[in-house]
Amino acid sequence: MTNFQQTAALVTGASRGLGRALAERLAERGARVVLVARGKGALDEVVEGIRRRGGVAHGLTADLGDKHAVHPLAAAAAELVGPLDLLVHNASELGPTPLRPLLDTACEDLTRVLDVNLVGPFRLSKIIAGSMALRRRGTIVHVSSDASVNAYAGWGAYSISKAALDHLGRLLAVELEEHGVRVFSVDPGEMDTEMHRAALPDADPHTLLDPAAVARTIVRMIESNGVPPGARLEASSFEVAS
Amino acid sequence: VTAAVTLPPARTPERTGPPRLLVVDGSNQTIRDRSLRELPTLLEPGDLLVLNDAATLPASLALTSHDAELRLAGFDGDTAFRDVVFRAVLFRSGSWREPTEERVAAPALGVGERFAAGSLRGRVVAVDSREPRLVTVRFEPTGAALLAALYREGRVIQYSYLTRPLELWDVQNGYAARPWAFEPPSAGLGITFGLLTGLRRRGIELARLSHAAGISSTGSLSLDQRLPFPERYEIPVEAVDAVARARASGRRVIAVGTTVVRALESAARLPDGLRAGEGSATLVLGPGFRRQVVDGILSGLHEQGTSHFSLLESFVDRSLLASANRHAAESGYLQHEFGDVCLVLGSA
Numbered sequence: 703m704t705n706f707q708q709t710a711a712l713v714t715g716a717s718r719g720l721g722r723a724l725a726e727r728l729a730e731r732g733a734r735v736v737l738v739a740r741g742k743g744a745l746d747e748v749v750e751g752i753r754r755r756g757g758v759a760h761g762l763t764a765d766l767g768d769k770h771a772v773h774p775l776a777a778a779a780a781e782l783v784g785p786l787d788l789l790v791h792n793a794s795e796l797g798p799t800p801l802r803p804l805l806d807t808a809c810e811d812l813t814r815v816l817d818v819n820l821v822g823p824f825r826l827s828k829i830i831a832g833s834m835a836l837r838r839r840g841t842i843v844h845v846s847s848d849a850s851v852n853a854y855a856g857w858g859a860y861s862i863s864k865a866a867l868d869h870l871g872r873l874l875a876v877e878l879e880e881h882g883v884r885v886f887s888v889d890p891g892e893m894d895t896e897m898h899r900a901a902l903p904d905a906d907p908h909t910l911l912d913p914a915a916v917a918r919t920i921v922r923m924i925e926s927n928g929v930p931p932g933a934r935l936e937a938s939s940f941e942v943a944s
Numbered sequence: 045v046t047a048a049v050t051l052p053p054a055r056t057p058e059r060t061g062p063p064r065l066l067v068v069d070g071s072n073q074t075i076r077d078r079s080l081r082e083l084p085t086l087l088e089p090g091d092l093l094v095l096n097d098a099a100t101l102p103a104s105l106a107l108t109s110h111d112a113e114l115r116l117a118g119f120d121g122d123t124a125f126r127d128v129v130f131r132a133v134l135f136r137s138g139s140w141r142e143p144t145e146e147r148v149a150a151p152a153l154g155v156g157e158r159f160a161a162g163s164l165r166g167r168v169v170a171v172d173s174r175e176p177r178l179v180t181v182r183f184e185p186t187g188a189a190l191l192a193a194l195y196r197e198g199r200v201i202q203y204s205y206l207t208r209p210l211e212l213w214d215v216q217n218g219y220a221a222r223p224w225a226f227e228p229p230s231a232g233l234g235i236t237f238g239l240l241t242g243l244r245r246r247g248i249e250l251a252r253l254s255h256a257a258g259i260s261s262t263g264s265l266s267l268d269q270r271l272p273f274p275e276r277y278e279i280p281v282e283a284v285d286a287v288a289r290a291r292a293s294g295r296r297v298i299a300v301g302t303t304v305v306r307a308l309e310s311a312a313r314l315p316d317g318l319r320a321g322e323g324s325a326t327l328v329l330g331p332g333f334r335r336q337v338v339d340g341i342l343s344g345l346h347e348q349g350t351s352h353f354s355l356l357e358s359f360v361d362r363s364l365l366a367s368a369n370r371h372a373a374e375s376g377y378l379q380h381e382f383g384d385v386c387l388v389l390g391s392a
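Protein chains in written order, with the numbering used here: chain A, 703 to 944; chain B, 45 to 392.
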């Protein structure tokens, strides 16, 4: 996917943080981008910003934890920018903050986090990847976290959802590879975002990565033909690998 | 001509297994019982399968301004959802369990009359001179706002023969993309991702087009006789190239559903022949229709006397179809949207 001029992309969780930076970078490179977020206000501002800079962007509000939100979302996206070529599952829910031990997490909170971070991406891929497979054209990116491979006390619900999301990506990669559709996961590293502040309010922002820089790296991964199917890449070491 | 044979409908959208597949082969005049899961081995490597990737809209609007249901039946404009005008059919309001035939006493709406379905507002811009239930409507919002309102206020067109109401998840083909269909292009409902993989592994070529499948029934005979209305389609260059390659090398072009036949055969009849791009399918695939592009069709099962059945007569002769239909009835095949399917391969 080296020519983003011909790319219809959808990015979830796109009103702030890494999702916003990814949508902006993709639009800057010429992709037609649908940005998805739960709230309308912040989303509209990001979309307007992209349009002012000459990009093609559309904002759609949806709660990805809701099974009935997916068809309206996928249909509107396909109508606005054409059948999707790139799907970035970036939206995720941290769960209740301040972070707490797993055994202090309410069952409903774990379910909600899994609904948004795991079942949501599954549902969206389920109804979008078939069209990619038929066209032999598509890339699906899962935004992961180092919490998916490391057991950090207090990160329970989020951590579990990201570990499962990694495996969802590997399975989709295996099943979609022969249809010419690529799936891979990215661990973006610790970024200076609202989510990071909610999780670790005392972290020094100077030690954290800029989401815009991480987005540029992820867009290079999407362009690269060298990413193995189902790979789990770390944004911080991708330069060396490529 | 044999008397029409009636098949029972499949009454639930849930499937316990793959649909049964009745293979009607005009090249050797045979009828075989198979399963849709065997489709890859029933086709030859190199055969081209063309699918309609239209997703199904929630095209039924319960009006809050009138005692009526407005069923969107097709695009009347040429730019989907930007400034779109829809052809639509009015029904008396009622529950999904009431057959549409019993809901034809719809209130009349005049030209210029405004209506609302919850928060979605629109206006009647034309009324058919012969059939006042057939109207042309325009909505206030356009583009993404229209889509959002339609998905909020509309629901999927219902079938009274089912045991439960349908939702959007029930009526989408696994490879659907743009929301252009007013009722599901149902020949593809049994084509799972696993089956697509099996077809690829067998060396079957796959191509897609988008065809705005319109409504299948209006509840009245006089209006049904005017179906299908002109339907919008878009054929991508990849499909045009794939068809040209298949035909040049003597491989078969198999359509998944009548909508694909309609799009390809309508486009092939344009002055420039089959080209990539958008168009409006006006071709009626009735008796006497001669196919130019398509060699076979995967389709739902249809009774003799329907327009679907007439279409099949362009692939194989009427006596073979009549035998196939009798066989289907004796063997318990199920018809309608969630029923069994047939693969009709034309005489060479």
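Where is the CB? At the ideal position from N, CA and C, for every residue including glycine.
{"Query": "Chain-ordered neighbours of Pro229(B) on chain A, where CB pairs are closer than 8 Å", "Result": "Going along chain A, no residue has its Cβ under 8 Å from Pro229(B), so there is no contact; the nearest lies around 13 Å."}
{"Query": "Through-space distance from Gly294(B) to Thr350(B), alpha-carbon basis", "Result": "31 Å"}
{"Query": "Straight-line Cα distance separating Leu389(B) from Ile341(B)", "Result": "7 Å"}
{"Query": "Per-residue contacts from Arg753(A) into chain B (C-beta, under 7 Å)", "Result": "In chain order: nothing, as chain B lies at least about 13 Å away."}
{"Query": "Cα-Cα separation between Gly856(A) and Asp904(A), rounded to whole angstroms", "Result": "15 Å"}
{"Query": "Cβ separation of Pro63(B) and Gly234(B), assumed to be a contact under 8 Å, to the nearest whole Å", "Result": "4 Å"}
{"Query": "Beta-bridge pairing of Ser79(B) - partner residues as DSSP gives them", "Result": "Arg64(B)"}
{"Query": "Chain-ordered chain B contacts of Pro785(A) [CB-CB under 8 Å]", "Result": "Asp97, Ala221, Arg222"}
{"Query": "Those residues which DSSP pairs with Asn96(B) across a bridge", "Result": "Leu253(B)"}
{"Query": "Cβ neighbour criterion (16 or more within 10 Å) applied to Asp433(B)", "Result": "Because chain B here runs from 45 to 392, residue 433(B) falls outside it and cannot be looked at."}
{"Query": "Outcome for Glu726(A) when other beta-carbon atoms lying within 10 angstroms are tallied against a minimum of 16", "Result": "buried"}
{"Query": "Helix, strand or coil at Ala320(B) according to DSSP, with G and I counted as helix", "Result": "coil"}
{"Query": "Helix, strand or coil at Ser109(B) according to DSSP, with G and I counted as helix", "Result": "coil"}
{"Query": "Extent of the continuous beta strand (DSSP E) run through Glu936(A)", "Result": "934–936"}
{"Query": "Cβ contact (3+ pairs, closer than 8 Å) linking the region 868–875 of chain A and the region 917–924 of chain A", "Result": "no"}
{"Query": "Cβ separation of Trp224(B) and Ala320(B), assumed to be a contact under 8 Å, to the nearest whole Å", "Result": "Between Ala320(B) and Trp224(B) the Cβ distance is about 17 Å, and since that is not below 8 Å, they are no contact."}
{"Query": "Which residues DSSP lists as bridging Gln379(B), in chain order", "Result": "Pro53(B)"}
{"Query": "C-beta contact flag for Leu116(B) and Ala103(B) at 7 Å", "Result": "yes"}
{"Query": "is_contact[Phe119(B), chain A] using C-beta, thresh 7 Å", "Result": "no"}
{"Query": "C-alpha distance - Val181(B) paired with Ser846(A), whole-angstrom precision", "Result": "46 Å"}
{"Query": "Presumed contact (8 Å Cβ cut-off) between Arg127(B) and Thr186(B), rounded CB distance", "Result": "With the sequence shown as reference, residue 127(B) is identified as Asp, and Arg is not the correct amino acid for it. Contact holds; Cβ gap of about 5 Å."}
{"Query": "Cα-Cα separation between Thr704(A) and Gly90(B), rounded to whole angstroms", "Result": "At Thr704(A) the pLDDT is 48, less than 50, meaning the model places this residue with poor confidence and gives no usable figure here."}
{"Query": "CB contact below 7 Å: Tyr277(B) versus chain A", "Result": "no"}
{"Query": "Which of helix, strand or coil DSSP assigns to Ile752(A)", "Result": "helix"}
{"Query": "Below-7 Å beta-carbon distance, Ala710(A) vs any chain B residue", "Result": "no"}
{"Query": "Selected residue, minimal CA-CA separation from Gly330(B), among Thr302(B), Ala256(B), Asp69(B)", "Result": "Thr302(B)"}
{"Query": "Chain-ordered neighbours of Ser833(A) on chain B, where CB pairs are closer than 7 Å", "Result": "Asp97, Tyr219, Ala220, Ala221"}
{"Query": "Residue-chain proximity (His773(A), chain B), Cβ-Cβ < 7 Å", "Result": "yes"}
{"Query": "Residues from the region 167–196 of chain B in contact with chain A, defined by Cβ distance under 9 Å", "Result": "Gly187, Ala188, Leu191, Ala192, Leu194, Tyr195, Arg196"}
{"Query": "Chain-ordered residues of the region 231–244 of chain B with a beta carbon less than 8 Å from chain A", "Result": "Phe237, Leu240, Thr241, Arg244"}
{"Query": "Beta carbon proximity, Glu781(A) to chain B, threshold 7 Å", "Result": "yes"}
{"Query": "Cutoff 7 Å: Ala914(A) Cβ touching any chain B Cβ", "Result": "no"}
{"Query": "Alpha carbon of Glu88(B) to alpha carbon of Ala290(B), nearest angstrom", "Result": "12 Å"}
{"Query": "Buried or exposed by the 16-neighbour rule on C-beta atoms within 10 Å, applied to Ala149(B)", "Result": "exposed"}
{"Query": "Top-ranked residue by Cα proximity to Leu820(A), from Ala808(A), Arg837(A), Ser850(A)", "Result": "Ser850(A)"}
{"Query": "Residue range of the alpha helix (DSSP H) that includes Ala849(A)", "Result": "Note, Ala849(A): premise wrong, no alpha helix (DSSP H); not H, not E."}
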